[in-house]
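Before any comments, here is the structure.
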Amino acid sequence: MTQTRVLIISGKGGVGKTTVAAATASAAAQAGQNTLVVSLDRAHNLGDVLQVTLGSSVTSVQESPNLKAMEIDPQAELSRNWGVLQQYINRFFRYLGVNGQSAEELAVFPGLEELLVLTRLYDLAESGDYDLIVADMAPTASSLRYLSFPDMMDGVLGGLVKWDRRIASLMRPLQGKYLKVPVPEQEVYNKLYDLAARLKNLRNLLFDVNRTAVRLVMIPETIVLEETRRALSYMNLFGMAVDAVVVNRIFPEEALNGYFETWGKIQSSVLQQAEESFAGLPILKMSFQESEVIGVPRLLSTADELYGTSNPADFLQARQPFKYLEADGQTVLSVHLGQVNPSHVKLQRREGDLIITVDGWRRVVTLPDSLVACSVQKASFKAGVLVVFFSETEFSGNESNIANGDGKDRDKKTMVDKREQLVRANAKERRKRT
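Note that the sequence shown covers residues 1091 to 1524 in our numbering.
See below:
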């Protein structure tokens, strides 16, 4: 079975993400790759660009034999994946006295539709039907919610399945005769368990730099550059590998006279800043087109300008944002965050996790067993890279201010014993989750 790769096209609204996604997919298909381009944005216009009527099922693009396309419908995914759970939650809230309309609204928590759209992307990637899937994402802020949600919800759903299943098995025999509160049926837990398992697999797919990459799209404007810088930092924070930055709508020299002269100066400055900000990443440039890019022939000519002789289906760089390294006999965690204000980076230890917060975006990193019992000695931020140093000092259970570290020498045998206890406890907890 083919191991499908996923290329996510993301960026600020209005910068040409859909055009880049459709052009990339069209060129990959022409090169012989069995390709699917899929829109995950609520405001779908992929079909308009391809000049094909699209819906929530896969549709062949007649002008390109190897190309298929679809626009995922969040409501359809909600009905397909959440219907059984939604019915139970409705019953539960009505038991509490919540009226019908409000109960239905409470049964769909924020972010659920985004989560279910992503699980659909996972199903398509695991089908083995495609060599490449190109995903046209929503604008940056929504994309970040999409891509961070599986990481946040993985532990939540796993814990919910583990505890509620046990409680329900005890309470179900008492329902009716002794209890009036609705108790979930086994079908509800089967659905929840399936969703939790798919979520874990989705998370693994998104963080696999050999299978998934993000390609950021921007235009040469100052505000867009700033958002793209932040997007790169946040994508790296969540472990997503960014393989390139596309700069779209670059005015040609002959257009920069008269009225557009000032725009030419802005464009030149932004392009120079982009080269500095995204040093080490390929920067692909695409000129402002003379006419609308609609239909496969125009998309292919656009892709020729964008990629040249490169294969658009290839990941242009496979940089791993998170790395565990050995330095001077110490284990360190290296996180490439890019251009962020060091004062906006916060660290916290909690049980077997390291919590990294950047400008309000929070990532919970589950540490390997070898580091579970270690304290954080210090952290440094240089050239856009956060480096966290772990010490042999025994981790006490909570560290909220760990930037400089503070550890005292302790009896080595006691440390080793407690380390082993923590490692065993952490491993046991992980087995329960899975």
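C-beta: ideal position from N, C-alpha, C; glycine also. It should be emphasised that the depicted structure is a prediction, and the values quoted were computed from it without experimental measurement.
Inset, instruction - Starting from S1154, follow the alpha helix (DSSP H) in both directions and report where the run begins and ends. - result: As a working mapping, residue 1154 is identified with position 64 in the sequence shown. Unbroken run through S1154: none, as it is neither H nor E.
Legend entry - Those runs of the beta strand (DSSP E) which lie wholly inside the region 1268-1355 and span at least 3 residues: 1302-1308 and 1332-1340
Legend entry - Residue from F1471, Q1362, E1380 and V1462 whose Cα sits closest to the Cα of S1481: Counting from one through the sequence shown, the residue named residue 1481 turns up at place 391. Ranking the options by Cα distance to S1481, first place goes to V1462.
Inset, instruction - Check whether the Cβ of V1425 lies closer than 7 Å to any Cβ atom in chain C. - result: Structure shown: chain C not included; a single protein chain is present.
Inset, instruction - Alpha carbon to alpha carbon, how far is K1436 from G1474? Give it in angstroms, no decimals. - result: Here residue 1474 corresponds to residue number 384 of the sequence shown, with the count starting at 1. Here residue 1436 corresponds to residue number 346 of the sequence shown, with the count starting at 1. Answer to the nearest angstrom: the Cα atoms are 15 Å apart.
Legend entry - Residue environment, K1413, which counts as buried when at least 16 other CB atoms sit within 10 Å: Position 323 of the sequence shown, counted from the start, is the residue given in the question as residue 1413. K1413 is exposed by the Cβ-count criterion.
Inset, instruction - Express the C-alpha separation of S1367 and I1446 in angstroms, rounding to a whole number. - result: To locate residue 1446, count along the sequence shown from 1; it is residue 356. To locate residue 1367, count along the sequence shown from 1; it is residue 277. Distance between the alpha carbons of I1446 and S1367 is about 22 Å.
Legend entry - Distance CB(L1327)-CB(R1439) smaller than 7 Å: Translated into positions along the sequence shown, residue 1327 becomes position 237. Translated into positions along the sequence shown, residue 1439 becomes position 349. No; because the gap between Cβ atoms is not below 7 Å, this pair is not in contact.
Inset, instruction - Flag this pair as touching only if the region 1117-1126 and the region 1320-1334 have three or more C-beta atom pairs under 8 Å; answer yes or no. - result: no
Inset, instruction - Put A1228 into one of helix, strand or coil per three-state DSSP. - result: As a first step, residue 1228 is located in the sequence shown; it is residue number 138 there, counting from the start. Looking at A1228 - three-state DSSP - the assignment turns out to be strand.
Inset, instruction - Would you kindly report the start and end of the unbroken alpha helix (DSSP H) that includes V1435? - result: Taking the first residue of the sequence shown as 1, we reach residue 1435 at position 345. V1435 -> not in any alpha helix (DSSP H); beta strand (DSSP E) instead, spanning V1435 to R1440.
Legend entry - Sequence-distant residues of the same chain with beta carbon closer than 6 Å to L1222, five excluded per side: For the purposes of this step, residue 1222 is identified with residue 132 of the sequence shown, where counting begins at 1. The answer, listed in chain order, is R1095, A1118, Q1123, T1125 and A1403.
Inset, instruction - Would you mind stating whether A1111 and D1226 have Cβ atoms separated by less than 7 Å? - result: Here the question's residue 1111 lines up with position 21 in the sequence shown. Here the question's residue 1226 lines up with position 136 in the sequence shown. Yes; because the gap between Cβ atoms is below 7 Å, this pair is in contact.
Inset, instruction - Could you spell out where the beta strand (DSSP E) holding T1092 opens and where it closes? - result: Locating residue 1092 in the sequence shown gives position 2, where the first residue counts as 1. No beta strand (DSSP E) holds T1092; DSSP gives it neither H nor E.
Legend entry - Through-space distance from T1352 to V1477, alpha-carbon basis: Residue 1477 sits at position 387 when you count from the first residue of the sequence shown. Residue 1352 sits at position 262 when you count from the first residue of the sequence shown. So the two alpha carbons sit approximately 41 Å from each other.
Inset, instruction - Would you list, in sequence order, the uninterrupted beta strand (DSSP E) runs of no fewer than 3 residues that lie entirely inside the region 1361-1401? - result: 1373-1377
Inset, instruction - Going by CA-CA distance only, name the one from A1417, L1202, T1092 and D1131 that's closest to K1102. - result: For the purposes of this step, residue 1102 is taken as residue 12 along the sequence shown, with counting starting at 1. Answer by Cα proximity: D1131.
Inset, instruction - Would you please state the rounded distance, in angstroms, between the beta carbons of V1307 and K1472? I believe it to be under 8 Å. - result: Taking the first residue of the sequence shown as position 1, residue 1307 is located at position 217. Taking the first residue of the sequence shown as position 1, residue 1472 is located at position 382. About 29 Å; that fails the 8 Å criterion.
Legend entry - Between the CA atoms of F1182 and R1319 - distance to the nearest angstrom: For the purposes of this step, residue 1319 is identified with residue 229 of the sequence shown, where counting begins at 1. For the purposes of this step, residue 1182 is identified with residue 92 of the sequence shown, where counting begins at 1. So the alpha carbons of these two residues sit roughly 45 Å apart.
Legend entry - Check whether N1338 and M1376 have beta carbons under 7 Å apart: Start at 1 with the first residue of the sequence shown, and residue 1338 comes out as number 248. Start at 1 with the first residue of the sequence shown, and residue 1376 comes out as number 286. Yes, Cβ-Cβ distance for N1338 and M1376 is below 7 Å.
Inset, instruction - Under 7 Å Cβ to Cβ from L1389, same chain only, skipping five residues before and after it: list those, please. - result: As a working note, residue 1389 is residue 299 in the sequence shown. Same-chain partners within the cutoff: A1112, A1113, S1116 and V1383.
Inset, instruction - With DSSP as the reference, label A1133 as helix, strand or coil. - result: Here residue 1133 refers to the residue found at position 43 of the sequence shown. A1133 falls in the coil class under three-state DSSP.
Legend entry - Rounded C-alpha distance that separates G1348 from E1380: To locate residue 1348, count along the sequence shown from 1; it is residue 258. To locate residue 1380, count along the sequence shown from 1; it is residue 290. Near 18 Å, if we compare the C-alpha coordinates of E1380 and G1348.
Inset, instruction - Give the DSSP bridge partners of E1416, in chain order. - result: Walking along the sequence shown from the start, residue 1416 turns up at place 326. DSSP output for E1416 lists T1421 as bridge partner(s).
Inset, instruction - Kindly identify the DSSP beta-bridge partner or partners of G1101. - result: The residue labelled residue 1101 in the question sits at position 11 within the sequence shown. For G1101, which the question treats as bridged, DSSP gives the partners P1229 and V1307.
Legend entry - Cα-Cα separation between D1459 and E1216, rounded to whole angstroms: Walking along the sequence shown from the start, residue 1459 turns up at place 369. Walking along the sequence shown from the start, residue 1216 turns up at place 126. Looking at the two C-alpha atoms, the distance is approximately 29 Å.
Inset, instruction - Would you check if there are 3 or more beta carbon pairs closer than 8 Å linking the region 1163-1179 to the region 1274-1281? - result: yes
Legend entry - Q1407 versus G1145: straight-line alpha-carbon distance, rounded: To locate residue 1407, count along the sequence shown from 1; it is residue 317. To locate residue 1145, count along the sequence shown from 1; it is residue 55. Rounded to the nearest angstrom, the two C-alpha atoms are 32 Å apart.
Legend entry - Own chain residues within Cβ distance below 6 Å of S1150, not counting five before or after: To locate residue 1150, count along the sequence shown from 1; it is residue 60. K1158.
Inset, instruction - Using three-state DSSP, classify R1184 as helix, strand or coil. - result: By 1-based counting over the sequence shown, the position of residue 1184 is 94. Helix, per DSSP.
Inset, instruction - State the CB to CB distance for the pair Y1212 and N1300, rounded to an integer number of angstroms; the pair is presumed to be in contact (CB under 8 Å). - result: Walking along the sequence shown from the start, residue 1212 turns up at place 122. Walking along the sequence shown from the start, residue 1300 turns up at place 210. At roughly 16 Å, the Cβ-Cβ gap does not stay under 8 Å, so Y1212 and N1300 are not in contact.
Legend entry - Straight-line Cα distance separating Q1467 from A1393: Along the sequence shown, one-based indexing puts residue 1393 at 303. Along the sequence shown, one-based indexing puts residue 1467 at 377. Rounded to the nearest angstrom, the two C-alpha atoms are 48 Å apart.
Legend entry - Span separating the alpha-carbon of L1374 from that of L1136: Sequence index remark: in the sequence shown, residue 1374 carries index 284 (1-based). Sequence index remark: in the sequence shown, residue 1136 carries index 46 (1-based). For L1374 and L1136, the distance between alpha carbons rounds to 21 Å.
Inset, instruction - Would you kindly work out how many angstroms separate the C-alpha atoms of E1317 and G1385, rounded to a whole number? - result: Position 227 of the sequence shown, counting from 1, holds the residue named residue 1317. Position 295 of the sequence shown, counting from 1, holds the residue named residue 1385. Each residue's Cα considered, the two are about 29 Å apart.
Legend entry - T1143 - DSSP class collapsed to helix/strand/coil: Counting from 1 along the sequence shown, the entry for residue 1143 is found at position 53. In the structure shown, T1143 sits in coil (DSSP, three-state: anything other than H, G, I, E or B).
Inset, instruction - Output the boundary residues of the beta strand (DSSP E) element that contains S1470. - result: Along the sequence shown, one-based indexing puts residue 1470 at 380. Counting along the chain, the beta strand (DSSP E) containing S1470 begins and ends at C1464 to K1472.
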